[in-house]
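Number of protein chains: 2
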Amino acid sequence: MRKRLQIGILGLGVVGTGVVEIVNQERKKIKQKTGVDLLITKALVRPGEDKSALAAAQGFQLVYDSKDITEDPDIDVVVEVMGKIHPAYEFITEALEQGKHVVTANKDLLAQKGTQLVQTAIENHVSLYYEASVAGGIPILRVLANSFVADEITEVLGIINGTTNYMLTQMVEQQMTYEDALAQAQALGFAESNPKNDVDGIDAAYKTVILTRFAYGLDIAIDDFVVKGIRGIDLEDIALAQSLGYEVKLIGLTKKVGEGIFAEVAPALVPKHHPLASIRNEFNGVFVRSRGIGQSMYYGPGAGSLPTATSVVTDLAVIAENQSDNKPAPQFCTYETKKAFANPNDVSYGYFIALALADEQSLWPEIQKLAEAYGIVYRVVADEQGSESRRLVLLTEAINEVQKHQFVTSVNQLEASNVSQIMKVMEE
Amino acid sequence: MRKRLQIGILGLGVVGTGVVEIVNQERKKIKQKTGVDLLITKALVRPGEDKSALAAAQGFQLVYDSKDITEDPDIDVVVEVMGKIHPAYEFITEALEQGKHVVTANKDLLAQKGTQLVQTAIENHVSLYYEASVAGGIPILRVLANSFVADEITEVLGIINGTTNYMLTQMVEQQMTYEDALAQAQALGFAESNPKNDVDGIDAAYKTVILTRFAYGLDIAIDDFVVKGIRGIDLEDIALAQSLGYEVKLIGLTKKVGEGIFAEVAPALVPKHHPLASIRNEFNGVFVRSRGIGQSMYYGPGAGSLPTATSVVTDLAVIAENQSDNKPAPQFCTYETKKAFANPNDVSYGYFIALALADEQSLWPEIQKLAEAYGIVYRVVADEQGSESRRLVLLTEAINEVQKHQFVTSVNQLEASNVSQIMKVMEE
Chain A
1 MRKRLQIGIL
11 GLGVVGTGVV
21 EIVNQERKKI
31 KQKTGVDLLI
41 TKALVRPGED
51 KSALAAAQGF
61 QLVYDSKDIT
71 EDPDIDVVVE
81 VMGKIHPAYE
91 FITEALEQGK
101 HVVTANKDLL
111 AQKGTQLVQT
121 AIENHVSLYY
131 EASVAGGIPI
141 LRVLANSFVA
151 DEITEVLGII
161 NGTTNYMLTQ
171 MVEQQMTYED
181 ALAQAQALGF
191 AESNPKNDVD
201 GIDAAYKTVI
211 LTRFAYGLDI
221 AIDDFVVKGI
231 RGIDLEDIAL
241 AQSLGYEVKL
251 IGLTKKVGEG
261 IFAEVAPALV
271 PKHHPLASIR
281 NEFNGVFVRS
291 RGIGQSMYYG
301 PGAGSLPTAT
311 SVVTDLAVIA
321 ENQSDNKPAP
331 QFCTYETKKA
341 FANPNDVSYG
351 YFIALALADE
361 QSLWPEIQKL
371 AEAYGIVYRV
381 VADEQGSESR
391 RLVLLTEAIN
401 EVQKHQFVTS
411 VNQLEASNVS
421 QIMKVMEE
Chain B
1 MRKRLQIGIL
11 GLGVVGTGVV
21 EIVNQERKKI
31 KQKTGVDLLI
41 TKALVRPGED
51 KSALAAAQGF
61 QLVYDSKDIT
71 EDPDIDVVVE
81 VMGKIHPAYE
91 FITEALEQGK
101 HVVTANKDLL
111 AQKGTQLVQT
121 AIENHVSLYY
131 EASVAGGIPI
141 LRVLANSFVA
151 DEITEVLGII
161 NGTTNYMLTQ
171 MVEQQMTYED
181 ALAQAQALGF
191 AESNPKNDVD
201 GIDAAYKTVI
211 LTRFAYGLDI
221 AIDDFVVKGI
231 RGIDLEDIAL
241 AQSLGYEVKL
251 IGLTKKVGEG
261 IFAEVAPALV
271 PKHHPLASIR
281 NEFNGVFVRS
291 RGIGQSMYYG
301 PGAGSLPTAT
311 SVVTDLAVIA
321 ENQSDNKPAP
331 QFCTYETKKA
341 FANPNDVSYG
351 YFIALALADE
361 QSLWPEIQKL
371 AEAYGIVYRV
381 VADEQGSESR
391 RLVLLTEAIN
401 EVQKHQFVTS
411 VNQLEASNVS
421 QIMKVMEE
């Protein structure tokens, strides 16, 4: 059993630097708890990147070739905090194949290449940990892996993108437009100059993939489900939802229905008394419904270099604690790779449906007939005649995915009518 | 390494019965994850208690003498779900001394006899787990033990008594008096016929003791800190706090100040945007402030037989997972038993102070002078002349425990004036 773990870090940006500092600060405490000393010996930087002061102060070596870390027989654990898919995927694969444990915060990589990486870790009897990849500062993956083993999770709802939650909060509280909220998020560094991954829900979708694996031991890919962001979301819809007792939140949803999974990322109406409703600004929250515990929620910062680095070092401490002579290295999460999808007939939610009708005279009776034909029970919560069109908003009782799809398609096929917004309504 | 753990249960009430059922339901999944089969072989019941149908259905033996479990060499783990201090303490001690791991949900016992029990577990190289003892369905102890090892916790604020949180929620939302809220909690089974442990904060204080050990590795006893419940709390104070943007919650607070601990259980003002403010009815929440993660919160049911039993079985699964030939059984939490208290000069909070002044003419100027003398900066948020006395409410800026104590004592020493309510104001 090793009494010391030597660590190589791939990437010395803000997170990598944070990892170095936290290992240094918490080393004694981690040794007390685990009996193992953590020691950072090497860090990979780009040519020209000057980190010599940090390296000298902390006593590790700077290297410019990843193989100096992944092929170093003295290194036990590799920390990847470079981001992006390539070359992170290749570096991690090489490290695992060389028998090194790996810790990463790379959600894009885990969502897209997780299956291959977990397989490589299993084959090489090493651990692959990535707690920081979902909701940076919330220990949600470890909670799902360890604290629900005697329970059965049925639904996970996550506010797992801080940028969009910040924007939605500002829009509501400051009566700000989508565009202004985005500009403000960019000014504060919450959103990148190209905000696509955040505002179009892609970042939340990656995390939903990872949450699905941990919650159900089942896999799903980002292409397997609807991913809708908050781009161009209407302040009018948000205000109406508020007046009806709801907050609009971008929700990453993953639900077990029968033996299959239903997943979606989309804005949704969350009742004001629901624990997710009060999550403001850049914070994240993951709400779990399960047979035994019932309802639980885990709240914290979704990103930020210090929470992310802290979470990475926690993974290092768990690897230290796992050191054992007679047991294989534990896997963070294993899952079936054969996909199983829920039957859309069995997936039911209520909906907020905003309609824009150009011709007020005849269209609404026609739409009412469609709703009746598809068995949709609703109440009208807004009916406003604008200069060019009539705006109607319906709040439906629970309907399944097939009913919803049929109704929306039929409304959009009518001339001069369309569904301008449709959002799921979460149960309290 | 054992491939099978035999379990004996002390007590077959609702929680014990739940444990039996959940082990039965989740056995296969736990075996998949841990490689270990859980098998309940015996349960202790009281003479005359007829559990033969359950025992027959689940294939375990009923016993009437605790020694049939604690001295049975085939039993590996003892689950104590009897409650109360005696004889649970003696039974658990005996089980530990016989080399058996123990799982319990008994918070009173852990708070009062935890030090002795943990010591006995260490000496006998066995594990003692009690996740269900604090906030039943929230895996807060495991999160504190495992996910903060690379972090430094500075403050923990818990809504950790479901009964009082239910009462406070009903008082606010239904404009109900304390007495009516208590009667309703009793009718719903949230409060016992003698509600003292809940409404006087004692239950929350036990949990605060346990949280302190997990958060800081330091000990504190229930007699070491102020414990105030919600008995007789005034709807008028709650309404005023609400109008100022706060919810009144019974908070178990434990803070690291320098090398010492400051703990308190008392009603406090929580800003409406604070994550604890939205925790309603019988739910619990534990908010953690730490250097690395910053703010995080863990929310779920505080009690209930199904969440509690689920949590007990999770502990059993962790014991199964820990089975190893070459490592000692891990301890859930060890802590220094030498007590260290914070310097009261270094513990600062803002306060909501309600004053009742019988003689309006001269008293208020005198109190203003006292405030000035003790360096207390405040604003007057209510000033009402009642039929018998004048009611003044001050909201102070942060003052330390000494200033607070001096001011309250001096006001109460004045003839015909007293502090009718004083509550800490939590930071957002």
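Note that the protein sequences, when read in sequence, are chains A and B. Under full-length UniProt numbering, think of the first position of the first sequence as 1, with each following residue one higher. Under full-length UniProt numbering, think of the first position of the second sequence as 1, with each following residue one higher. We treat Cβ as the ideally placed atom computed from N, Cα and C, and that holds for glycine. Treat the numbers as computed from the prediction; the structure is a model and nothing was measured.
Closest residue to residue i among the options (Cα-Cα distance)
| i | options | result |
| --- | --- | --- |
| LYS404 of chain B | B:LEU392, B:GLU415, B:GLN421 | B:GLN421 |
| VAL126 of chain A | A:VAL63, A:ILE367, A:LEU316, A:ALA354 | A:LEU316 |
| VAL419 of chain B | B:TYR130, B:GLU71, B:TYR351, B:LEU182 | B:TYR351 |
| THR396 of chain A | A:ALA132, A:LEU117, A:VAL102, A:ALA382 | A:ALA382 |
| PRO425 of chain B | B:TRP364, B:SER66, B:TYR349, B:SER193 | The displayed chain sequence assigns Val, not Pro, to residue 425 of chain B. When each option's Cα is compared against that of VAL425 of chain B, the closest is B:TYR349. |
| ASP74 of chain A | A:GLU131, A:GLY99, A:ASP198, A:LYS327 | A:GLY99 |
| TYR162 of chain B | B:GLU428, B:GLY59, B:ASP200, B:GLY8 | The amino acid at residue 162 of chain B is misidentified as Tyr; the sequence shows Gly. Of the candidates B:GLU428, B:GLY59, B:ASP200, B:GLY8, the one whose C-alpha sits nearest the C-alpha of GLY162 of chain B is B:ASP200. |
| ILE353 of chain A | A:SER387, A:PHE407, A:SER311, A:ALA342 | A:PHE407 |
| VAL156 of chain B | B:GLN170, B:GLY136, B:THR164, B:LEU141 | B:LEU141 |
| PHE332 of chain A | A:LYS29, A:VAL103, A:GLN25, A:GLU49 | A:VAL103 |
| residue 452 of chain A | A:SER147, A:GLU152, A:LEU414, A:GLN25 | What the structure shows of chain A is the stretch from 1 to 428, and residue 452 of chain A is not part of that stretch, so it cannot be assessed. |
| GLU415 of chain A | A:LEU394, A:SER387, A:ARG379, A:GLN361 | A:GLN361 |
| GLU131 of chain A | B:VAL143, B:TRP364, B:ILE138 | B:VAL143 |
| VAL286 of chain A | B:ALA145, B:SER296, B:GLN174 | B:SER296 |
| ASP224 of chain B | B:GLY232, B:LEU240, B:ALA241, B:ILE202 | B:ILE202 |
| ALA150 of chain B | A:VAL20, A:LEU12, A:ILE233, A:GLN175 | A:VAL20 |
Closer than 9 angstroms at the beta carbon, the chain A residues around residue i
| i | result |
| --- | --- |
| VAL146 of chain B | The residue asked about is misnamed: residue 146 of chain B is Asn in this sequence, not Val. Within 9 angstroms Cβ-Cβ: PRO139, ARG142, ASN146, THR314, ALA317, VAL318, GLU321. |
| TYR299 of chain B | PRO275, GLY285, PHE287, GLN295, SER296, MET297, TYR298, TYR299 |
| ILE230 of chain B | None at all; the shortest Cβ gap to chain A is about 21 angstroms. |
| GLU26 of chain B | VAL149, ALA150, ASP151, GLU152, GLY292 |
Whole-Å CB distance - residue i paired with residue j, under 8 angstroms assumed
| i | j | result |
| --- | --- | --- |
| VAL134 of chain A | LEU253 of chain A | Contact flag wrong, Cβ pair sits at about 14 angstroms. |
| PRO301 of chain B | GLY294 of chain A | 5 angstroms |
| ALA57 of chain A | LYS51 of chain A | With a Cβ gap of about 10 angstroms, ALA57 of chain A and LYS51 of chain A do not count as contacting. |
| ASP76 of chain A | GLN6 of chain A | 5 angstroms |
| LYS207 of chain A | LYS107 of chain A | 6 angstroms |
| THR154 of chain B | LYS29 of chain B | Incorrect: roughly 37 angstroms between the Cβ atoms, too far for contact. |
| THR308 of chain B | GLY136 of chain B | 4 angstroms |
| ARG246 of chain B | VAL270 of chain B | Here residue 246 of chain B turns out to be Tyr, not Arg, going by the sequence shown. Confirmed, Cβ separation roughly 6 angstroms. |
| LYS339 of chain B | ILE220 of chain B | 6 angstroms |
| VAL45 of chain A | TYR64 of chain A | 7 angstroms |
Listed by chain order, chain B residues near residue i by CB distance under 7 angstroms
| i | result |
| --- | --- |
| GLU282 of chain A | Correct list: empty, because the minimum Cβ distance to chain B is about 11 angstroms. |
| ASP37 of chain A | Within 7 angstroms Cβ-Cβ: nothing; ASP37 of chain A doesn't reach chain B, min ~14 angstroms. |
| residue 429 of chain A | This structure cannot speak to residue 429 of chain A, because chain A is shown only from 1 to 428. |
| LYS327 of chain A | SER324 |
Beta carbon of residue i nearer than 8 angstroms to that of residue j
| i | j | result |
| --- | --- | --- |
| VAL14 of chain B | ILE40 of chain B | no |
| LEU306 of chain B | VAL248 of chain B | no |
| ASN284 of chain B | ILE160 of chain B | yes |
| LEU235 of chain B | THR314 of chain B | no |
| ILE367 of chain B | VAL411 of chain B | yes |
| GLY8 of chain A | VAL78 of chain A | yes |
| ALA342 of chain B | GLY217 of chain B | no |
| GLU282 of chain A | TYR166 of chain A | yes |
| ALA268 of chain A | VAL226 of chain A | no |
| ILE85 of chain B | GLN112 of chain B | yes |
| ILE230 of chain A | LEU244 of chain A | no |
| ASP214 of chain B | VAL347 of chain B | In the sequence under discussion, the amino acid at residue 214 of chain B is Phe, which differs from the Asp named in the question. For PHE214 of chain B and VAL347 of chain B, no; Cβs fall outside 8 angstroms. |
| residue 453 of chain A | HIS273 of chain A | Since the first and last residues shown for chain A are 1 and 428, residue 453 of chain A lies out of range. |
| LEU357 of chain B | ARG390 of chain B | yes |
| MET171 of chain B | ALA183 of chain B | no |
Under 7 angstroms by beta carbon: chain A residues contacting residue i
| i | result |
| --- | --- |
| VAL425 of chain B | Those do not exist, as VAL425 of chain B stays about 19 angstroms from chain A at its closest Cβ, beyond 7 angstroms. |
| PRO307 of chain B | GLY292, ILE293, GLY294 |
| THR310 of chain B | ALA150, ASP151, GLY292, ILE293 |
| ILE22 of chain B | ALA150, GLY292 |
Contacts of residue i in chain B (Cβ-Cβ under 8 angstroms)
| i | result |
| --- | --- |
| SER278 of chain A | HIS273, PRO275, ALA277, SER278 |
Beta-carbon neighbours of residue i, restricted to chain A and to distances below 8 angstroms
| i | result |
| --- | --- |
| residue 515 of chain B | It is not possible to answer for residue 515 of chain B, since the shown part of chain B is limited to 1 through 428. |
| ILE40 of chain B | Residues of chain A passing the Cβ test: none, with the nearest at roughly 13 angstroms. |
Please list the segments of the beta strand (DSSP E) lying wholly inside the stretch 15–56 of chain B, counting only runs of 3 or more residues, in order along the chain.
37–44
In chain order, which beta strand (DSSP E) runs of at least 3 residues are fully inside the stretch 146–223 of chain B?
153–159
Could I get the ranges of all uninterrupted alpha helix (DSSP H) runs contained in the stretch 345–422 of chain A, with 4 residues as the minimum, in chain order?
360–373, 401–413
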